[in-house]
Structure formats: C-alpha cells, structure tokens
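Asks: For the record, in the sequence shown the residue sitting at position 277 is 264 according to the numbering used here, with numbers rising by one throughout.
One structure follows; several queries about it will come next.
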Amino acid sequence: MTAQETPTTLEEPPGTKPPRPWEDVPLSQWQDWRWQLAHRLNTVADFAQVIRLTDDEIAGLSAPGLFRVDVTPYWASLMDADDPNCPIRRQIMPTAAELRPFDAEMVDSLGEDAHSPVPGLVHRYPDRVLMLVTTQCASYCRFCTRSRIVGNPEAQFSRADYDRQIDYLAHTPQVRDVLLSGGDALMIPPKILDDLLGRLRALPHIEIIRIGTRVPNFLPQRITDDLIAVLRKYHPLWMNIHFNHPKEITPEVSVALAKLADAGIPLGAQTVLMAGINDCPTILTELMHKLVRHRVRPYYLYQCDMVHGAGHFRTSVATGIALMEALRGHTSGYAIPIYVIDAPQGGGKVPILPNYLISQAHDRVVVRNFEGFISTYVQPSDYKPHDPAACPACRARLYDGQEGVAGLLAGPQLTIEPEHWRISHQRSTAPLVFPPGALPDGWPAAAEARIPAEVTG
Ligand code: SF4
C-alpha cells in the first residue's frame, strides 16, 4: 500500500506508545504481530500484572484441563483492571463457572464431525463447505463452539490433510463456496495461506472464498500490507470477522478494517449473543452502528451454542427476539444482522424473527411494523406463478437432494418424514415383514412390531 493509499480510519489514531504495563516495550515491537503472539498472557502471574484478579478468575486460571488460555497483550490492554464484568475481560478470562456442566450441553454441539468427509472439511450444505485449516487462534474465547478441537498446539492440520481437503473439493463440483476457518484461518503461516488460497482459486467451480476470523480484532497488527497483498490476489474473497462488543473497535482495529475494506474485501461480522456482554439493546445497537461505519456489514447474531463451558454466557431465545425487535425499524437495515440458532446435531442455521405476519386470506396479508402499526397488503389477482417445468433455468438446474421445505412448495414431493416415522405409525395387523436393518436400535423384537414390506422397500 502506498502513502497515497493509506487507509482513512474513523477512530483516533493509535497511541504513540504501548499502554501500561508494556510502556517500556518499543512501539515497533508492540505493533509487530509476531511479538504479540510470542508474549501472550496465560498464567495467574501474567494477568496479575494487568488486572486485579478475582478469586473466581484465579480458580478458573488454576483449574486443570481447562480450554486453552492465551491472550494477546493488545487485547489484554483493553480489559478493565478493576471490573470483572468488563465485556472484554469476560470473553477471555476463565472462571469457575466454566467448570459447571449444564443441562443439554454438548461437546460437538453442531454435529460437525458427522458431516466431515475428510478431516477438517465440513460439508453440511449442498453448495458450500467449511474448511478447518488450523486449530490455533490469536486468543481463545471462553464460549468457543469448537473448543473440542481448537487450542491444542499438537493437533495441527498437516500438508497431507490440506491435500485431502483440496482433493475432495476438486471432485465435488457442486461446491461453489469455501469458508476457511479453524481455529482462525489468518493464524496459518503466510506462505501456507498463500498456497492454500492459490490452490482453491485454481478450482474453476469454486466461485467465492470466505475467511472466518477474529484476528483483525484480537490481533489487528496482523493485518499487514504483506497480508493484504496476498489476500487481494484471490478475489472474490470475502471476510467474516467476529465482534461482540463496541469496545472491541479500537483505533488499531479501525486501521485494520480500513486496510481490508480498501483492498476490496467485502467485510461481514458475526456476533455471539451473550449474557452480560451484549444482551442489551443499546450496546448491541452501538456495536452494529460502529461496524457499519467501518464498512463491516453485520451478518449473523448467534444464539450462544449449547457447548460445554459456555453455559453461563447463554441467554434465553426470547432475549434474542426482543433484541431483534429493538433493531428492526429502529435503525437502518444494513445495521441489522440475522438472528440464528445454529441448530444442534447439524441442523444448520435457523433464522429467528419476531412475528410480523399477523394473518392472511387468499388475496391479502395483514402485517405489522416495528411500531405496532397494522396494515394490509392486497395481493395481485392476475399474478401467474412461476412455472419451474416451463423454465429453462429451473429445468437445467442440478437437484442435490436437499431441497427441504422449498422442495415441498415446488416439486412432486409432498412430505418430509422423520426417520422411522412410518414404522411408528403403522397400525396394520397384516403379517409382518422386516427387511434387514428396518427397525431402529432398541425397538421390540420383530414379531411385536408392525411394518408392511412396501414401507421399507
Ligand atoms: S476465535 Fe473463534 S475459533 Fe478461536 S476461540 Fe474464538 S470462537 Fe473459537
């Protein structure tokens, strides 16, 4: 980036010397991402130099076998030394609450392992994949959904793993969108990142590459001109950055975001809804406004997953709906994320909305707006619905077997049945025939159940 291209940032410029207690560190080192990674805080003694630790935090830091603790000095410098409820501090400081199990908690709450054709690749949706390229992050969030695989320095993906991932993609032409994540995709060494992006871009059916990251936030120093030069080679490349609180958008982050946006990378944000951190309409709105001002489009607001260790961060779903009610109509649509529950066991992202559709008849629908104003939309009487059978584009489309509810609206299929639904509803007294494997585990002996041969084929 030349001097003329220096990004225009919206925050005050970063300080000219490192904050306490790093004031004696040369600024050039403080601004070096490698120095930041090499000096991460992870022990009671480290943190005691920066904040007044509570007994709860000391218990968390001292507990054996806890999810990894590692915090960049930069992020640690944002913590309120005297307030254990500081939203920056709570996201990365372990406490005793993490040790308490809660009802319904899971290890792999999204069922990702079951959707992995090769290690590190999650192929859950028809046309896109999640490619886990590292287990490392710049700092570690206490509510991490992937805490089962993230943070172990010995469990890294190898060149052979990358080869298998790329090979699977080369042989899976329906995939048009690859999301690089981890861990944090921007934590892999620059040369390997360059190589991986180049290999993905060489696959003609991969239309877009996305990077999921919290590096611009935990470690904004990593967004160097060299990294930007690598990323801009592989357009269309999108980036989704994890932000949970407006305090995270500092002068340093502002510079990093401006560099990424100026490189033509469309930026999105994902936010995890968390008790005591951002479950407040004023704070959430401030975060969304700050993101948009920095050319970051709020994308998802996630209901906190049912993952082990994150129980104390969870809110009710009603809280999320009330927050969406506080956003929609009250601010610009660009500043409103989609609130989703990432459904357990691989159910995928399910959008959750306040109910705006009040009622409907064949020719009209009754809706309400954010103010409670109720009105009627009269539907056209002469509209001719789209006919997929007469549409060349629809006829040419490859169906992937995952049409779901859209398939019920448009195709020959009339039902979607839970597994074994027909068996459980079979009331016939006809003679019983059980093909091998027809009955679920634990069902009564074949002679007691009822199932006609045509049901199971
Ligand atoms: S940055 Fe993402 S992957 Fe890493 S610990 Fe945080 S939530 Fe988990």
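Using N, Cα and C, we set each Cβ at its ideal position, and we do this for glycine too.
Since this is a predicted model, take the numbers as computed values, not measurements.
Could you give the DSSP three-state label for residue 323: helix, strand or coil?
Replies: Walking along the sequence shown from the start, residue 323 turns up at place 336. The answer is coil: DSSP assigns residue 323 none of H, G, I, E or B.
Asks: Touch check for the segment 44 to 61 and the segment 110 to 119: three-plus C-beta pairs under 8 Å?
Replies: Verdict: no, contact absent.
Asks: Contact between the segment 261 to 270 and the segment 72 to 81 is defined here as three or more beta-carbon pairs at a separation below 8 Å; is this criterion met?
Replies: Enough Cβ pairs lie closer than 8 Å, so yes.
Asks: On the DSSP letters alone, give me the boundaries of the beta strand (DSSP E) that residue 93 sits inside.
Replies: Start at 1 with the first residue of the sequence shown, and residue 93 comes out as number 106. First-last for residue 93: undefined, no H or E at that position.
Asks: In the DSSP assignment, the alpha helix (DSSP H) including residue 270 goes from what residue to what residue?
Replies: Numbered from its first residue, the sequence shown carries residue 270 at position 283. Unbroken alpha helix (DSSP H) run through residue 270: 268 to 280.
Asks: Helix, strand or coil for residue 439, going by three-state DSSP, please let me know.
Replies: Here residue 439 is taken as the residue at index 452 of the sequence shown, counted from 1. Residue placement at residue 439 is poorly supported in this model, since its pLDDT is 45, which falls under 50; the coordinates still yield a value, given next. Three-state result, residue 439: coil.
Asks: What do you reckon, are the CB atoms on residue 197 and residue 124 nearer than 8 Å?
Replies: For the purposes of this step, residue 197 is taken as the residue at position 210 of the sequence shown. For the purposes of this step, residue 124 is taken as the residue at position 137 of the sequence shown. In this structure, residue 124 does not lie closer than 8 Å to residue 197 by Cβ.
Asks: Is residue 127 a contact residue of the ligand SF4, with contact defined as CB to any heavy atom under 7 Å?
Replies: What you label residue 127 is simply residue 140 of the sequence shown in a count that begins at 1. Because some heavy atom of the ligand SF4 lies under 7 Å away, the Cβ of residue 127 counts as near it: yes.
Asks: Looking only at its own chain, which residues have a Cβ that is under 6 Å from the Cβ of residue 257, when we skip the five neighbours before and after it?
Replies: For the purposes of this step, residue 257 is taken as residue 270 along the sequence shown, with counting starting at 1. If we look at residue 257 and ignore the five residues flanking it on each side, its Cβ neighbours are 227, 229, 286 and 287.
Asks: Closer than 8 Å is the cut-off here; do at least three beta carbon pairs connect the segment 80 to 91 with the segment 350 to 366?
Replies: Not touching, per the Cβ criterion.
Asks: Just the C-alpha distance for residue 278 and residue 406, rounded to the nearest angstrom, thanks.
Replies: The residue labelled residue 278 in the question sits at position 291 within the sequence shown. The residue labelled residue 406 in the question sits at position 419 within the sequence shown. Looking at the two C-alpha atoms, the distance is approximately 43 Å.
Asks: Quick check on the burial criterion: 16 or more other C-beta atoms within 10 angstroms. Buried or exposed for residue 235?
Replies: Working through the sequence shown from its first residue, we reach residue 235 at position 248. Buried.
Asks: Just to confirm my understanding: we take residue 55, look at its own chain, exclude 5 residues before and 5 after, and list those with CB closer than 7 Å. What are they?
Replies: For the purposes of this step, residue 55 is taken as residue 68 along the sequence shown, with counting starting at 1. Here the set comprises 127 and 138.
Asks: Indicate the three-state DSSP secondary structure (helix, strand or coil) for residue 307 in the structure shown.
Replies: The count along the sequence shown starts at 1 and reaches residue 307 at position 320. It is helical.
Asks: Please name the residue, chosen from 92, 398, 209 and 315, that lies closest to residue 177 on a Cα-to-Cα basis.
Replies: Looking up residue 177 in the sequence shown gives position 190. The candidate whose alpha carbon is nearest that of residue 177 is 209.
Asks: For a test of the three-state rule: what should DSSP assign to residue 249, helix, strand or coil?
Replies: To locate residue 249, count along the sequence shown from 1; it is residue 262. If DSSP states are grouped into helix, strand and coil, residue 249 belongs with the helices.
Asks: In whole angstroms, give me the CA-to-CA distance for residue 145 and residue 25.
Replies: Position 158 of the sequence shown, counting from 1, holds the residue named residue 145. Position 38 of the sequence shown, counting from 1, holds the residue named residue 25. Approximately 22 Å, taken between the alpha carbons.
Asks: Residue 129 to residue 298, Cα distance in whole Å?
Replies: Here residue 129 is taken as the residue at index 142 of the sequence shown, counted from 1. Here residue 298 is taken as the residue at index 311 of the sequence shown, counted from 1. So the two alpha carbons sit approximately 10 Å from each other.
Asks: Take residue 351 and list the residues in its own chain whose beta-carbon comes closer than 7 Å to its own, dropping the five residues that flank it on each side.
Replies: Residue mapping note: residue 351 aligns to position 364 of the sequence shown, counting from 1. Counting only Cβ-Cβ distances below 7 Å, and skipping sequence neighbours, we find 363, 364, 365 and 366.
Asks: Please classify residue 333: does DSSP put it in a helix, a strand, or coil?
Replies: Translated into the one-based positions of the sequence shown, residue 333 becomes position 346. Helix, per DSSP.
Asks: If you run the structure through DSSP and keep just helix, strand and coil, what is residue 67?
Replies: Along the sequence shown, one-based indexing puts residue 67 at 80. Coil.
Asks: Output needed for residue 154: all residues of its chain with C-beta closer than 7 Å, excluding positions within five of it in sequence on either side, in chain order.
Replies: Taking the first residue of the sequence shown as 1, we reach residue 154 at position 167. The answer is none, since no qualifying residue turns up.
Asks: Which same chain residues, not among the five before or five after residue 131, have their C-beta less than 6 Å away from its C-beta?
Replies: Within the sequence shown, residue 131 is the residue found at index 144, counting from 1. Excluding positions up to five away in sequence, the list reads 137.
Asks: Should residue 353 go down as buried or exposed, given a rule of 16 or more other Cβ atoms within 10 Å for buried?
Replies: Looking up residue 353 in the sequence shown gives position 366. Residue 353 is exposed by the Cβ-count criterion.
Asks: Among 267, 16, 161 and 294, whose alpha-carbon lies nearest the alpha-carbon of residue 389?
Replies: As a working note, residue 389 is residue 402 in the sequence shown. The residue with the shortest Cα to Cα distance from residue 389 is 161.
Asks: Threshold first: 3 residues or longer. Then list the beta strand (DSSP E) segments lying entirely within the segment 14 to 48, N to C.
Replies: Listed in chain order, there is nothing to give.
Asks: What I want to know is whether the C-beta of residue 201 ends up closer than 7 Å to one or more non-hydrogen atoms of the ligand SF4.
Replies: For the purposes of this step, residue 201 is identified with residue 214 of the sequence shown, where counting begins at 1. Yes, since a heavy atom of the ligand SF4 falls inside the 7 Å radius drawn around the Cβ of residue 201.
Asks: If you drop the 5 nearest sequence neighbours on each side, which residues of the same chain put their C-beta closer than 7 Å to that of residue 36?
Replies: Here residue 36 corresponds to residue number 49 of the sequence shown, with the count starting at 1. If we look at residue 36 and ignore the five residues flanking it on each side, its Cβ neighbours are 8.
Asks: Is residue 256 helix, strand or coil by DSSP?
Replies: Mapped onto the sequence shown, residue 256 falls at position 269. In the structure shown, residue 256 sits in a strand (DSSP, three-state: E or B).
Asks: Is DSSP giving residue 218 helix, strand or coil here?
Replies: By 1-based counting over the sequence shown, the position of residue 218 is 231. The answer is helix: DSSP assigns residue 218 an H, G or I state.
Asks: Can the beta-carbon of residue 122 be found less than 8 Å from the beta-carbon of residue 170?
Replies: Residue 122 sits at position 135 when you count from the first residue of the sequence shown. Residue 170 sits at position 183 when you count from the first residue of the sequence shown. Their beta carbons are under 8 Å apart, which means residue 122 touches residue 170 by this criterion.
Asks: What does the Cβ neighbour count give for residue 291, buried or exposed, with the cut at 16 atoms within 10 Å?
Replies: What you label residue 291 is simply residue 304 of the sequence shown in a count that begins at 1. Looking at its Cβ environment, which holds 16 or more other Cβ atoms inside 10 Å, residue 291 is buried.
Asks: Out of 89, 156, 5 and 191, which has the shortest C-alpha to C-alpha gap to residue 117?
Replies: Indexing the sequence shown from 1 puts residue 117 at position 130. Nearest of 89, 156, 5 and 191 to residue 117, Cα basis: 156.
Asks: For residue 79, which three-state DSSP category applies?
Replies: Position 92 of the sequence shown, counted from the start, is the residue given in the question as residue 79. Residue 79 falls in the helix class under three-state DSSP.
Asks: Do residue 131 and the ligand NAP come close, with the Cβ less than 7 Å from some heavy atom?
Replies: No copy of the ligand NAP occurs in the structure displayed; its ligands are the ligand SF4 alone.
Asks: Only counting the same chain, and skipping five residues up and downstream in sequence, which positions put a Cβ closer than 6 Å to that of residue 326?
Replies: As a position in the sequence shown, residue 326 is number 339, starting the count at 1. Around residue 326: 288, 307, 311 and 339.
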